[in-house]
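Those protein sequences? They're chains A and B, same order as listed.
Count along the first sequence starting at 1, add 1, and that's the number in the numbering used here.
Count along the second sequence starting at 1, add 4, and that's the number in the numbering used here.
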Amino acid sequence: MDLPTLIQTIANSVVAGSVYAIIAVGLAMAFGVMKMANFAHGEFFMAGAYVVYVFYALLGWPFPAAVLMAIPIVGAMGVATERFIFRPTRDNVMAGFMATAGLAFILQVLVGQTWGVGLMRSVPTPYMGAMDIFGAKIGWQRVLVLPSAVVMLSALWFFLYRVKAGKALRACAQDPETARLQGIRIGRMTMLAMAISGASAGLAGALMAPIHPVTPYMGHGVILTAFIIVVMGGMESIAGAVLAAVLLGFVHTFVTTLFDAVTAQMVGVAIMALVLIVRPQGLLGRVKA
Amino acid sequence: MFLKKTMGRREFFTASSISIAAAAAAAAGSSFEVPSLVGSAAAATPEPIGDPIHIGFLAALSGPDAGWGLPGLTGNQIFIDRVNAEGGLLVGGERRPLKMFAFDDEATGSKALQGAKQLVLENDVRFISAIGGNPADATHPFLSKKKVIYASLISTDIMPDRPYLIAGGDVTPRIDMLRPFYHRFVNPDLKRWAVISQDDTIGLTSQAWEVGSALADGWDVVYDVNYAIETTDFAPVVTALLATKPDVVSLNLSYPTFVVQIVEQLYLQGFKGLISANYLDTESILQKVPVEYLEGAVDSFPLFDDPWWGSPSWQHDFITEWMARYGPGAPEDVHREITGIDWDHVITLKVWAEGVTLAGTVDPDAVLETLRAQESIPSILGPSTMAGKEMWGIDNMVSPPIPINEVRGGVKRVQAVVRFEGWFAARKEKIIKVVEEKGQMHYQR
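Here it is, written out as structure tokens:
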């Protein structure tokens, strides 16, 4: 690999890692608080992309406004999922998992019926052109993902560590029973976790809409990567998810450049397996007492 | 940004030793007729009305592949309604109306077999329009047994043991074989050819034929990779490709969704050479790159409003009729733009209809035998032949002339219409050797 290709590949990796981080953090948070996996997380990502498709591509809103719209809309979808799926199935992890798998298919069909299936929805690139970094060229639309990821993760960190509700959320994730004894309302916290989870997936989808093919099935490709990241990072660890996302971003990008995307996916899963052998709790997960 | 062309299109036509479709009319840029035995001339004398002939449409009407199937219903229905408006298809001295039955196979083999059985056993269809691929693999034993003609879009589905499977309405992979020749002819100074497509069956096969053709026409093939069909981020794919410093990047049969992303990455990562593809969805691509970046890019799906066809023409009439029926605010508004798929399935349907009229029967053996015996069969892309034995082991490839387009000011415009057979005959040994080396001949797959 020559130097220009190496620089370009590193730049590609940083962007990919940022995208993975935004997508996976919400999944990690939901799992941390509820101990349940949301199989429809990829479809939340898809919903965010469709919000941009509707408000930006169809209705002509400014791109930033359309992206901001995705946050409350998909956040509300997260709340509804918690209220109507996870809460009734709280004592049955498998039922919750299967119900969200069903939700994923329902959302795909619903979107397909509403906006059509087949070839991708066309979302114009709002910021055409590329930024030159030491000879590497990154499209402005991709560059935008990087600060967005930093802002979102910083805001999340601030919320979790500096805001009372965020601290309560962390308490629920660490020990729900003790948190309940402290007067924290678990139901409200799980709803908040799903709102944040949905909002972050929606934001990721919204930012990626001009880059990623927008189809009802776009969430499929995302969910596997998100699960790998969350498992590798440590199921309940947001910091672990971010670390794993960056790591996987580099692995996927370099292996795809040198070989292909299937090999990259295989290497990603192999690294996850290796991490779990060496550290069963994940990169930054904690061993249960 | 783009490399200087050394020969104009007109010079290309006159200098080329290849036979050019529609010969002088095409070279002059005027219209060429789409003559038809099922057209109005044949309907001048009223004949008795016979039983309807049932036509099947077995393709993805939902799911990710629906873009290749669903639009085909519109074109086939327009064709059927035109035939019926003229009294029906002329078969053995009587006119028989056409009626279409559709089944959504969701691009899966099991659903396709279910659909084939329903269409044949319950709806008694005599001809099936389809996309092909896995559904073709799954349905051919049943359809061969029942002797029902299955028209795939993809020539790579043709096999010697599939006597009733015809294909070729879609110009794949013939256009992918001719594009290196076209670029070589227009830009003889260019040397380095890079080609990518997805790693599914048709991508592998089509790319093998293109690589063989590029080598036969003197290109240095500097990059020949099939990316994983699961790829969602094309930045690393394009980075690896551009490291080989190609003059031309060919996207072969990359699906339109992938093409948009790859062209965007070519633009973002600073590629200055020529772009060539089986199909360019310019409307979607121009949402991602400036119009000037796509100038001169080559593909093979013409627009039917292209002045090339002349006016009046079958193509222009089709557009007008489609817009009046399915366009914005029309009675059956489909809420999308017209695409190449709207007329792609019609190519083979019309050829089959011509065969039925010529044979005077819907018997598939007689129809295919009759079509193979014709020197020229009218099709919506010009005079066709039944060919393909050297490529697929059986003459079941409908082979109309191949339009080659360049993007001009953001719009695709036909630059040449090339007949495939003469070009292939002069190079087939070299090409087939490469395809064999890549294990993609029909007897190797």
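All residues carry an ideal CB built from backbone N, CA and C; glycine is no exception.
Note that the structure is a prediction, hence the values are computed from the model and not measured.
### Query
According to DSSP, what are the bridge partners of Ile57 (chain B)?
B:Leu102
Q) Hey, would you say Thr258 (chain A) sits closer than 8 Å to Thr235 (chain B), going by beta carbons? A) no
Quiz item: According to the neighbour-count rule (16 or more other Cβ atoms, all chains shown, within 10 Å of its Cβ), is Ala26 (chain B) buried or exposed?
Solution: Only weak support exists for where Ala26 (chain B) lies, its pLDDT of 34 falling under 50; the coordinates are left without a value.
So Tyr330 (chain B) is in the alpha helix (DSSP H); what residue range does that whole segment cover?
Trp318 to Tyr330
Using a C-beta cutoff of 8 Å, does Val253 (chain B) count as contacting chain A?
no
Proximity winner among A:Gln9, A:Asp3 and A:Val20, relative to Leu208 (chain A) (alpha-carbon distances): A:Val20
**OP:** May I ask you to verify whether the region 195-207 of chain A touches the region 75-95 of chain A, counting CB pairs closer than 8 Å and requiring at least 3?
**Re:** yes
_Rounded to the nearest angstrom, what separates Lys432 (chain B) and Gly413 (chain B) at their Cα positions?_
36 Å
From the DSSP secondary-structure annotation, give me the bridge partner or partners of Gly76 (chain B). According to DSSP, which records beta bridges pairwise, Gly76 (chain B) is partnered with nothing at all.
Beta carbon of Gly234 (chain A) nearer than 8 Å to that of Ala227 (chain A): no
| query | In or out: Phe13 (chain A) buried (at least 16 other Cβ within 10 Å) or exposed? | reply | A small fix is needed here, since residue 13 (chain A) is Asn in this sequence, not Phe. Under this definition Asn13 (chain A) is a buried residue.
So, at 7 Å on beta carbons, what are the nonlocal neighbours of Asp204 (chain B) in its own chain, with the 5 sequence-adjacent residues on each side left out?
Ile233
*asked:* Considering just the uninterrupted stretch of the beta strand (DSSP E) at Thr389 (chain B), what are its terminal residues?
replied: Thr389 to Ala391
_Give me the residue from A:Gln282, A:Met99 and A:Ile230 with the minimum Cα distance to Val268 (chain A)._
A:Ile230
*Under 8 Å between C-beta atoms, does Val124 (chain A) make it to chain B?*
yes
Stretch-stretch touch, CB-based, cutoff 8 Å, three pairs: the region 180-195 of chain B with the region 251-269 of chain B:
yes
- [ ] Could you check if Phe36 (chain B) is buried or exposed, using at least 16 other CB atoms within 10 Å of its CB as the buried criterion?
- [x] With a pLDDT of only 38 at Phe36 (chain B), under 50, the local geometry of the prediction cannot be trusted, and no value is derived from it.
(request) Out of B:Tyr168, B:Trp312, B:Asp128 and B:Gln265, point me to the one whose CA is closest to Leu147 (chain B)'s CA. (result) B:Tyr168
Problem set entry | Cutoff 7 Å; reference Val146 (chain A); Cβ partners in own chain excluding five residues on either side | Val16, Ser19, Val20 and Leu208
(request) Indicate whether at least one CB of chain B lies closer than 8 Å to the CB of Gln282 (chain A). (result) no
Grab the span of the alpha helix (DSSP H) containing Asn13 (chain A) for me, first residue to last. Leu4 to Met35
Requested in this report: Mind the definition here: the region 128-144 of chain A touches the region 79-89 of chain A only if three or more C-beta pairs lie below 8 Å; say whether that holds.
Outcome: no
Margin query: In whole angstroms, give me the CA-to-CA distance for Leu69 (chain A) and Gly49 (chain A).
Written below: 10 Å
- With a cut-off of 8 Å, does the C-beta of Pro1 (chain A) fall near any C-beta of chain B? Residue numbering for chain A in the displayed model covers 2 to 290; residue 1 (chain A) lies beyond these limits and cannot be assessed.
ask   = Going straight from the alpha carbon of Ile57 (chain B) to that of Val256 (chain A), what length do you get?
value = 54 Å
Checklist line | Cutoff 7 Å; reference Pro217 (chain A); Cβ partners in own chain excluding five residues on either side | finding: Met47, Gln109, Val112, Gly113 and Val118
For Ile107 (chain A), the nearest candidate out of A:Ala31, A:Val270, A:Phe45 and A:Thr254 (CA to CA): A:Phe45
As a quick exercise: from B:Tyr271, B:Lys292, B:Leu182 and B:Gln319, pick the residue whose alpha carbon is nearest that of Ala281 (chain B).
B:Leu182
Quiz item: If you draw a straight line from the C-alpha of Met37 (chain A) to the C-alpha of Trp116 (chain A), how long is it?
Solution: 31 Å
| query | So with Cβ pairs under 8 Å, would you call Gly274 (chain B) a contact of chain A? | reply | yes
Would you mind listing the alpha helix (DSSP H) stretches within the region 172-196 of chain A that are 4+ residues and don't spill past its ends, in chain order?
-> 177-182
Indicate whether at least one CB of chain B lies closer than 8 Å to the CB of Ser19 (chain A).
no
Discussion item. List, from N- to C-terminal side, the alpha helix (DSSP H) runs of 4 residues or more that fit wholly inside the region 86-127 of chain A.
Written reply: 94-116
**Q.** Proximal chain B residues relative to His213 (chain A), where beta-carbon distance stays under 9 Å
**A.** Thr236, Asp237 and Gln265
Compile a chain-ordered list of the residues in the region 180-213 of chain A whose CB is closer than 9 Å to at least one CB of chain B.
-> Pro211, Ile212 and His213
query: If we count Cβ pairs, one from each stretch, closer than 8 Å, do we get three or more for the region 23-34 of chain A versus the region 240-254 of chain A?
result: yes
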